[in-house]
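Engineer:
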DNA sequence: GGCCCTGCTGACCACGCTGTCTGCTTTGGC
DNA sequence: GCCAAAGCAGACAGCGTGGTCAGCAGGGCC
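Residue numbers (our numbering), protein chains in the order written: chain L, 6 to 339; chain F, 6 to 339.
Here it is, written out as structure tokens:
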């Protein structure tokens, strides 16, 4: 038994091939009578149109690409889930393309992907969003692009994002409201534009509260567990250590927790710890993390939505974040 | 500027279209002279063959599907990384299909995927591996299938797996060697065949050490954090609680840790905790988890390898696991 | 020298669908 | 009641490849 083709459907329905095609593509000018006959035949034969043939004959491939270079399984998983759901709704397919932003072959790889699969659009996540050569290649091919949390050339493509400045401000203000005055900040990788934005939000909240900025309290990290632990150790070693540490990712916050455990500093009694992202990690460590919920799945869904609804037209959409308070933060004692 | 086609290549190289096709597909009967001319033209035009056209004209689509219904981002991420790498090496593409094993549309969804994309093969991960109706649909279509860690019909398809019995035996034996006699076991979801295998390994190690089996020490879980915490609380409440708890996943082990923290039980002094999988979680919680490293990425790579190398021929491959000792286990005190 | 076999190349068609264009029928406005 | 416009259906070409088959050259055999 071989699979049914559009010919089989047209024969069973007693109409022309083109009419079947019209029904499948929801084109105008098909009578209800015809439409019904075709739909019955499709259901009876369990017919599914060949993507290859549609792509070859038509202008669309019904496929979009998701390009990422992000080490966090949680981020990728949720991103895929969001993009994937929107794709399913539109009967599109999603092609995943992991890449390495430091690889010299990056641009060629992306070009080959688009050529081979004839993608209808591209979604990029940070930090690939800010690789100029890759962006240029996409523009050259005039393919619709949506970037998630882009850092540069904000008006160049469609984009979805959260307000990183406000989010960091919210968390900092919350820690201040608990009574903290010396708040350590573990920043993210410099490649991520969001890192700088979060620093801005942090400073903004301090200033509003009339607390002076102390550069010694800022420590660079790489978004990962190790760098969080290292940053915590450096901050604890200060002459006047912080009573709270705000890490720019949950992974780094987990590193801070581990360092505190090792050094016998109890959380949240002696030290408050806050993260960013609300990955599943946040609820799995002990104590569970106060953090900023970043709606990664929704960002993915929105990115796919922009691509499918607007195509080349440039649109942008900002999604809300949320402050999630859990057990890792408390008022400083004394 | 539109993309180059095989026609352009043939014109530039001064040969027929078919000869270009032969070079691309590494067919026999092409002289070195011709091959070189074609390769130069391909490079000069930066030509990439259209997947759609190849699929339509030929018997292969150069695409394989990865079907999963697994809630763990870490598992999926690494699985994809392994399969993806092997695909890249073979210039194949990987189509991700998340699914819901409880959905009535499961079989239709899988059928539609294969029909639409004309996949050359399918990789399945647990628990989809053991859904009889889905397997039957794949057999009906005579499509090559590789299952990862299948639980049923072991000889029906190609498969890759680790020795779950031995792995659980190894961990249990290790805990016994530390001096533990009462060892709690938090099993996994009943849908996963591996859960039963791990119980077998646990019993096997106990028996070899001459320790009696106590059913009260076995507690069912769902592989997730919550059920791990709940199981730990139940086990602590026993008249004679365990001195060690072996959880069938790192997530559940993290739940055990959290419950212990909440109840003021120190790990590993008063309680040893062991996990399974060696996900990145294992190193992020405190104390870091003693666990069994399951080579998920390698399993994915091997699965894709079997598919690409052997096609319909049934092959199986067992990969090694490894006992990873970290800070969450120690000798029982007293 | 005629034969077949192997190595190599190209002409041509088919794959399953969409885009275009043609032509017929119905509707609506005066 | 006539004509233009809108509604509708189908014939046909072509998308960019791979498969089939025919054809040609050269070498080894009888």
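Cβ coordinates follow ideal geometry from the N, Cα and C atoms, glycine included.
1. Assuming residue 311 (chain F) and residue 88 (chain F) are in contact, meaning their beta carbons sit under 8 Å apart, how far apart are those beta carbons, in whole angstroms?
2. At a CB distance below 8 Å, what residues from the stretch 74-103 of chain F approach chain L? Give them in sequence order.
3. If you compare alpha carbons, which of F:273, F:42, F:26 is closest to residue 59 (chain F)?
4. Give the residues from the stretch 226-259 of chain L that approach chain F closer than 8 Å (Cβ to any Cβ), ordered along the chain.
5. Provide the residue span of the alpha helix (DSSP H) that contains residue 198 (chain F), from first to last.
6. Which residues in the same chain as residue 189 (chain F) place their Cβ atom closer than 6 Å to its Cβ, once the five residues preceding and following it in sequence are excluded?
7. Let me make sure I understand the geometry here. Which of F:102, F:274, F:300, F:337 has the alpha-carbon closest to that of residue 328 (chain F)?
8. Is residue 78 (chain F) helix, strand or coil when you go by DSSP?
9. Does residue 91 (chain F) pass the burial test, meaning 16 or more other C-beta atoms within 10 Å, or should it be called exposed?
10. Helix, strand or coil, according to DSSP, for residue 26 (chain L) in the structure here?
11. Which one of F:39, F:170, F:217, F:153 has the shortest CA to CA distance from residue 163 (chain F)?
12. Along the alpha helix (DSSP H) that carries residue 326 (chain L), what are the first and last residues, could you check?
13. Take residue 293 (chain F) as the anchor and find which of F:155, F:303, F:272 has the nearest alpha-carbon.
14. Using three-state DSSP, classify residue 190 (chain L) as helix, strand or coil.
15. Strictly below 7 Å CB to CB, what residues from chain F border residue 8 (chain L)?
16. Kindly indicate which residue of L:278, L:148, L:177, L:130 has the alpha-carbon position closest to the one of residue 65 (chain L).
17. Would you mind stating whether residue 79 (chain F) and residue 284 (chain F) have Cβ atoms separated by less than 7 Å?
18. Provide the residue(s) that pair with residue 73 (chain L) in DSSP beta bridges, ordered along the chain.
19. Given that residue 60 (chain L) touches chain F, what residues does it touch there, using C-beta distances under 7 Å?
20. Is residue 330 (chain F) close to chain L? Criterion is C-beta to C-beta, closer than 7 Å.
21. For a cutoff of 7 Å on Cβ pairs, would you count residue 153 (chain F) as touching chain L?
22. Using a Cβ-Cβ distance under 7 Å, would residue 290 (chain F) count as near chain L?
23. Please confirm whether residue 132 (chain L) and residue 106 (chain L) have their CB atoms less than 7 Å apart.
24. In or out: residue 22 (chain F) buried (at least 16 other Cβ within 10 Å) or exposed?
25. For residue 179 (chain L), which residues from the same chain have a beta carbon less than 7 Å from its beta carbon, with the 5 sequence-adjacent residues on both sides left out?
26. Would you give the residue range spanned by the alpha helix (DSSP H) that residue 60 (chain F) belongs to?
27. Provide the residue span of the beta strand (DSSP E) that contains residue 251 (chain F), from first to last.
28. Do you know offhand how far residue 174 (chain F)'s Cα is from residue 322 (chain F)'s?
29. Considering only DSSP beta bridges, list what residue 371 (chain F) is partnered with.
30. Please tell me whether residue 53 (chain L) has its Cβ less than 7 Å away from any Cβ of chain F.
31. So residue 262 (chain F) contacts chain L; which residues on that side make the cut at Cβ distance below 7 Å?
32. Cβ of residue 266 (chain L) less than 7 Å from any chain F Cβ?
33. Taking the C-alpha atoms as reference points, what is the distance between residue 277 (chain L) and residue 99 (chain L)?
34. Along the beta strand (DSSP E) that carries residue 152 (chain F), what are the first and last residues, could you check?
35. Apart from the five residues just before and just after residue 212 (chain L), which ones in its own chain have a Cβ nearer than 8 Å to its Cβ?
36. Alpha carbon to alpha carbon, what distance is there between residue 94 (chain F) and residue 181 (chain F)?
Structural biologist: Well, looking at it:
1. Walking along the second chain from the start, residue 311 (chain F) turns up at place 306. Walking along the second chain from the start, residue 88 (chain F) turns up at place 83. Incorrect: roughly 11 Å between the Cβ atoms, too far for contact.
2. So the list reads 78, 79, 81, 82, 83, 85, 86, 89, 98, 99, 100, 101, 103, given in the order they occur along the chain.
3. As a working mapping, residue 59 (chain F) is identified with position 54 in the second chain. Among F:273, F:42, F:26, the Cα nearest to that of residue 59 (chain F) is on F:26.
4. So the close ones are 230, 256, 259.
5. To locate residue 198 (chain F), count along the second chain from 1; it is residue 193. Looking at the DSSP string, the run of the alpha helix (DSSP H) that includes residue 198 (chain F) is 198-213.
6. Counting from one through the second chain, the residue named residue 189 (chain F) turns up at place 184. Same-chain partners within the cutoff: 222, 240, 247, 250.
7. Along the second chain, one-based indexing puts residue 328 (chain F) at 323. Among F:102, F:274, F:300, F:337, the Cα nearest to that of residue 328 (chain F) is on F:300.
8. One-based indexing of the second chain puts residue 78 (chain F) at position 73. Helix, per DSSP.
9. The residue you call residue 91 (chain F) lines up with position 86 of the second chain. When all chains shown are included, residue 91 (chain F) counts as buried.
10. In the first chain, the residue the question calls residue 26 (chain L) occupies position 21. For residue 26 (chain L), the three-state secondary structure derived from DSSP is helix.
11. Position 158 of the second chain, counting from 1, holds the residue named residue 163 (chain F). The shortest Cα separation from residue 163 (chain F) among F:39, F:170, F:217, F:153 belongs to F:153.
12. Taking the first residue of the first chain as 1, we reach residue 326 (chain L) at position 321. According to the DSSP assignment, residue 326 (chain L) belongs to no alpha helix (DSSP H), since it is labelled neither H nor E.
13. The residue you call residue 293 (chain F) lines up with position 288 of the second chain. The shortest C-alpha separation from residue 293 (chain F) is found at F:272.
14. Looking up residue 190 (chain L) in the first chain gives position 185. Of the three classes helix, strand and coil, the one that applies to residue 190 (chain L) here is strand, per DSSP.
15. Residue 8 (chain L) sits at position 3 when you count from the first residue of the first chain. Those within 7 Å of residue 8 (chain L) in chain F are 120.
16. Position 60 of the first chain, counted from the first residue, corresponds to residue 65 (chain L). Of the candidates L:278, L:148, L:177, L:130, the one whose C-alpha sits nearest the C-alpha of residue 65 (chain L) is L:148.
17. As a first step, residue 79 (chain F) must be located in the second chain, where it is residue number 74. As a first step, residue 284 (chain F) must be located in the second chain, where it is residue number 279. Cβ atoms of residue 79 (chain F) and residue 284 (chain F): closer than 7 Å.
18. As a first step, residue 73 (chain L) must be located in the first chain, where it is residue number 68. Per DSSP, L:103.
19. What you label residue 60 (chain L) is simply residue 55 of the first chain in a count that begins at 1. The answer, in chain order, is 57.
20. In the second chain, residue 330 (chain F) corresponds to position 325, counting from 1. Residue-level contact by beta carbon fails for residue 330 (chain F) and chain L, as no gap is shorter than 7 Å.
21. Residue numbering aside, residue 153 (chain F) sits at position 148 when the second chain is read from its first letter. Cβ-Cβ to chain L under 7 Å: no for residue 153 (chain F).
22. Translated into positions along the second chain, residue 290 (chain F) becomes position 285. Residue contact check for residue 290 (chain F) against chain L: a CB pair falls below 7 Å.
23. Translated into the one-based positions of the first chain, residue 132 (chain L) becomes position 127. Translated into the one-based positions of the first chain, residue 106 (chain L) becomes position 101. In this structure, the beta-carbon distance from residue 132 (chain L) to residue 106 (chain L) falls below 7 Å.
24. Along the second chain, one-based indexing puts residue 22 (chain F) at 17. With fewer than 16 Cβ atoms within 10 Å of its Cβ, residue 22 (chain F) is classed as exposed.
25. Looking up residue 179 (chain L) in the first chain gives position 174. Here the set comprises 328.
26. Counting from one through the second chain, the residue named residue 60 (chain F) turns up at place 55. Per DSSP, residue 60 (chain F) belongs to the alpha helix (DSSP H) from 56-62.
27. The residue labelled residue 251 (chain F) in the question sits at position 246 within the second chain. Start and end: 249-252.
28. Sequence index remark: in the second chain, residue 174 (chain F) carries index 169 (1-based). Sequence index remark: in the second chain, residue 322 (chain F) carries index 317 (1-based). Cα-Cα distance, rounded: 20 Å.
29. Past the boundaries of the shown model lies residue 371 (chain F); chain F is included only from 6 to 339, so the question cannot be answered.
30. Residue 53 (chain L) sits at position 48 when you count from the first residue of the first chain. For residue 53 (chain L), the answer is yes, since a Cβ of chain F falls inside 7 Å of its Cβ.
31. Start at 1 with the first residue of the second chain, and residue 262 (chain F) comes out as number 257. Residues of chain L whose Cβ lies closer than 7 Å to the Cβ of residue 262 (chain F) are, in chain order, 291.
32. Locating residue 266 (chain L) in the first chain gives position 261, where the first residue counts as 1. True, the Cβ-Cβ gap to chain F drops below 7 Å.
33. Position 272 of the first chain, counted from the start, is the residue given in the question as residue 277 (chain L). Position 94 of the first chain, counted from the start, is the residue given in the question as residue 99 (chain L). Answer to the nearest angstrom: the Cα atoms are 41 Å apart.
34. Residue numbering aside, residue 152 (chain F) sits at position 147 when the second chain is read from its first letter. Element bounds for residue 152 (chain F): 150-153.
35. Sequence index remark: in the first chain, residue 212 (chain L) carries index 207 (1-based). Short of 8 Å from the beta carbon of residue 212 (chain L), and not among the five residues preceding or following it, lie these beta carbons of its own chain, in chain order: 218.
36. As a first step, residue 181 (chain F) must be located in the second chain, where it is residue number 176. As a first step, residue 94 (chain F) must be located in the second chain, where it is residue number 89. If I take the Cα positions, the gap works out to 44 Å.
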